[in-house]
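Some notes on the structure that comes next.
Protein chains in written order, with the numbering used here: chain A, -13 to 292; chain B, -13 to 292.
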């Protein structure tokens, strides 16, 4: 299967980055895009996020070999509904959602039989969102997870694998339910915790907001970056990946209760043991190119000329 | 009061950075340093962290106008004991510990009466530690909190303020107990949470460690940086700032329970409300120069040439 035209529905951080990445790494592929917000469409034209910005989702999807839904998880079904009627037989319908099981089931229910649904999740992003946030290198050295259902034609899966690899990503295939549990740990719970603690710190009476901001370099500021992520996207993730998130949250809460008890009891041995073990995983993440090796992420090198 | 000689006890990230910063910004001040680890002393000589590396803490402190204890909080009393006998009358004894109330009380108890104790906490650091981790600009644009007791001679406090300002820091003075509650929120709880979730993720049975590492760019990797911080330092912080940490942890746990219930109940309004509010504090932190404004902390700009 050859992909000649890609349609991108939703032109925010992810959709815009895919459009820019295709232009850079797969220039022979034409792209068309749509966003429900006219102001976003306008910026997409100005930034050249896709070859053609359409005022209608169906126009963008018409004739595409690959349609990628880049909207919040909660808007996927509606977005798919708007294009289902014009999908070319044999076209791949994919997405970039951070939660896969419920969405794949919902989409599969009403899509035309000839449409090949291959859910995908590029594990990449920044805390910024919208049509100005995207850039072509977003997927470089990042993993993209595909969750095809059994029976999906292998040549279609292969075509999508090649597409993501061409954008710089490494691809792994897994079951949608497993994806949701893995991402609950590596992404959803970290976001939930970050949002919550930033909320906690903002609302304290005895510690002022000004103090929280001033002394945030002690660790808190890292959480504020994650907690600046797109609210609609994240609300939808928690609404759709509820079971896995609640399960993993309870494991975390059990561990946190153990640490609370260690602090209460003055049990330095338990603390030291945990604090030593956790260094190892950081080293592996850096060694495998999944994070910047420089101290503090290299933060400030630019501004302060270190 | 004029500071002509500074002694630095403990030559890790903080002590080493102070030594390098004095050489760069206050070159007329002489520095002497000591570390209990001979290998650290050796590296301190090689890197020139201080003007003179001594094999004995008392030798380093002898004749100093300002002695700064840069050891983990749990080692402060022993470090102070080793130099108390040689402290020059009127000398300032300070530190860089992340917890202040219990330590200030412990030190005050056995110090000679002529010694001026002014606890300090520069809110700066990276996840690295040891004699190779320090750099002269660590304190640039960072806050340093002083917690002098009532009755401390103002000219001594002023001398320490000027010292830290010369190293690039902004200085704020507050009560030790208030310091401990502010830092519990902006630093200690974030570290506790990060250590705990990295431990949780490392120990899961159904999600492998390899998956956690691969898909860490979804948010988790940020927590691993903080959880790579020095284990001894952090164990001591939790042992010494127990009350404030437990209080703040309980406020956080209450808020997290509310979010858990919102997820369980599918209450998107509560989620959206929190996720929207938390963006504001990030903007203020960036606006006040306490974090890098670039997406993702500017991470990867160096490696990937974005």
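Here a beta-carbon is modelled for each residue, glycine too, at the ideal position from N, C-alpha and C.
Asked, Found
"Are the C-beta atoms of residue 173/A and some chain B residue less than 8 Å apart?", "yes"
"I want to see whether chain A comes within less than 8 Å of residue 89/B, judged by CB atoms only; does it?", "no"
"Taking Cβ-Cβ distances below 7 Å as the criterion, which residues of the segment 248 to 263 of chain B are in contact with chain A?", "249, 250, 252, 254, 257, 258, 260, 261, 262 and 263"
"Measuring alpha carbon to alpha carbon, tell me which of 109/A, 132/A and 81/A ends up nearest residue 125/A.", "109/A"
"So what's residue 256/A in DSSP terms, helix, strand or just coil?", "helix"
"Is there a C-beta anywhere in chain B that falls below 8 Å from the one on residue 133/A?", "no"
"Please decide whether residue 157/B counts as near chain A, where near means a Cβ-Cβ distance under 8 Å.", "no"
"Of all the residues that make up the segment 72 to 100 of chain A, which are near chain B by a beta-carbon distance shorter than 9 Å?", "84"
"On the three-state DSSP scale, how would you describe residue 172/B?", "helix"
"Bridge partners of residue 80/A, per DSSP?", "54/A"
"Buried or exposed, going by whether 16 or more other CB atoms sit within 10 Å of the CB of residue 284/A?", "buried"
"Against chain A, with Cβ distances strictly below 8 Å, would residue 290/B count as a contact?", "For residue 290/B, the pLDDT reaches just 37, beneath the cut-off of 50, and the residue's location in the model is therefore unreliable, although a value from the coordinates is still provided. Chain A, which has a Cβ nearer than 8 Å to the Cβ of residue 290/B, makes this yes."
"Which same chain residues, not among the five before or five after residue 230/A, have their C-beta less than 6 Å away from its C-beta?", "166, 167 and 170"
"Identify every run of the beta strand (DSSP E) within the segment 130 to 162 of chain B, keeping only runs that are complete inside it and at least 3 residues long; order them along the chain.", "156 to 159"
"Residue 4/A and residue 48/A - do their beta-carbons sit closer together than 8 Å?", "no"
"Examine the Cβ distances between the segment 181 to 200 of chain A and the segment 248 to 268 of chain B and report whether three or more of them are shorter than 8 Å.", "yes"
"Let's see if you can read the secondary structure: which residues bound the alpha helix (DSSP H) around residue 210/A?", "206 to 212"
"How about residue 142/B: is its C-beta nearer than 8 Å to some C-beta of chain A?", "no"
"Going along chain B, which residues have a C-beta under 8 Å from residue 276/A?", "199, 200, 202, 203 and 207"
"Which residues in the same chain as residue 160/B place their Cβ atom closer than 7 Å to its Cβ, once the five residues preceding and following it in sequence are excluded?", "131 and 133"
"Determine contact between the segment 211 to 223 of chain A and the segment 243 to 263 of chain B, defined as no fewer than three beta-carbon pairs at a distance below 8 Å.", "yes"
"Can you have a look at residue 35/A and say buried or exposed, based on whether 16 or more other CB atoms are within 10 angstroms of its CB?", "buried"
"Which residues does DSSP list as the beta-bridge partners of residue 190/B?", "The partner list for residue 190/B (beta bridge, DSSP) is empty, contrary to what the question assumes."
"Would you report the Cα separation of residue 92/A and residue 63/A, rounded to the nearest angstrom?", "7 Å"
"Count Cβ pairs between the segment 151 to 158 of chain A and the segment 37 to 48 of chain A that sit closer than 8 Å; are there 3 or more?", "no"
"Any chance the segment 172 to 181 of chain A sits against the segment 205 to 217 of chain B, with 3 or more Cβ pairs inside 8 Å?", "yes"
"I want to know whether the segment 7 to 14 of chain B touches the segment 25 to 32 of chain B - three or more CB-CB distances under 8 Å.", "no"
"Which bits of chain A does residue 188/B rub up against, with CB to CB less than 9 Å?", "263, 264, 266 and 267"
"Return the first residue and the last residue of the beta strand (DSSP E) that residue 240/B is part of.", "Unbroken run through residue 240/B is the alpha helix (DSSP H), 228 to 251; no beta strand (DSSP E)."
"Tell me whether residue 24/B sits in a helix, a strand or coil according to DSSP, three-state version.", "helix"
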